Amino acid sequence: MDTDELFRQANAAYEKGDFTEAFAIFTHAANGGDCHAMTRLATMYELGEGVPADLSKSIEWDLKAIAAGSRSSILNLGLTYRSLGKNGDAQKWFEKALEQGDGEAAFELAKLYKLEDENSPLIKKYLLLAVSAGDLSEETAKEVQNWLAKIG
Numbered sequence: 001m002d003t004d005e006l007f008r009q010a011n012a013a014y015e016k017g018d019f020t021e022a023f024a025i026f027t028h029a030a031n032g033g034d035c036h037a038m039t040r041l042a043t044m045y046e047l048g049e050g051v052p053a054d055l056s057k058s059i060e061w062d063l064k065a066i067a068a069g070s071r072s073s074i075l076n077l078g079l080t081y082r083s084l085g086k087n088g089d090a091q092k093w094f095e096k097a098l099e100q101g102d103g104e105a106a107f108e109l110a111k112l113y114k115l116e117d118e119n120s121p122l123i124k125k126y127l128l129l130a131v132s133a134g135d136l137s138e139e140t141a142k143e144v145q146n147w148l149a150k151i152g
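And the structure:
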């Protein structure tokens with residue numbers, strides 16, 4: 001069975017809430033080279049879905065996914081590092097995601113700069129980059145617009 005079909009089966013199990021089955025199938029697809037399955041494994045390890053939560057394994061799978069061509073794992077890795085309080089590492093990965101055109105990463109960078117200095121001009125710069133990327137979720141786009149309205 002090809003990795004695309006394995007991914008579909010794993011995703012179906014995941015959507016039904018059968019995380020143990022989904023994890024097993026995603027693992028099989030990931031070991032076959034499917035970068036999307038690798039990204040899902042990283043998320044499942046992060047959230048403890050079907051396996052005990054393990055951020056080091058989450059990071060390991062995100063790195064494998066990035067090496068296999070996943071763009072979303074670049075942003076996810078930044079989010080994981082930020083959750084660990086490693087803002088320098090988070091910033092590095094958010095910048096890499098932004099280089100790939102990920103508008104969500106620009107918003108995450110704005111959040112980091114706001115933590116450092118609420119009046120930093122970099123906040124507005126990254127908010128504008130997030131908007132111009134054109135790939136924000138509806139929820140994030142509203143949040144970015146609210147931030148922009150507050151800072152003028």
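In full-length UniProt numbering, the protein residues as written are 1 to 152.
Glycine included, every Cβ here is placed at the ideal spot set by N, Cα and C.
All values reported here derive from a predicted model rather than from experimental measurement.
For methionine 44, the secondary structure class from DSSP, reduced to helix, strand or coil, is helix. By the criterion of at least three beta-carbon pairs nearer than 8 Å, the segment 125-139 is in contact with the segment 84-104. Counting other Cβ atoms within 10 Å of its Cβ, asparagine 76 reaches 16 or more and is therefore classed as buried.
Contact between the segment 23-40 and the segment 53-60 is absent: fewer than 3 CB-CB pairs across the two stretches fall below 8 Å. Contact check for leucine 112 against glutamine 91 passes: the beta carbons are separated by less than 7 Å. For glycine 78, the secondary structure class from DSSP, reduced to helix, strand or coil, is helix.
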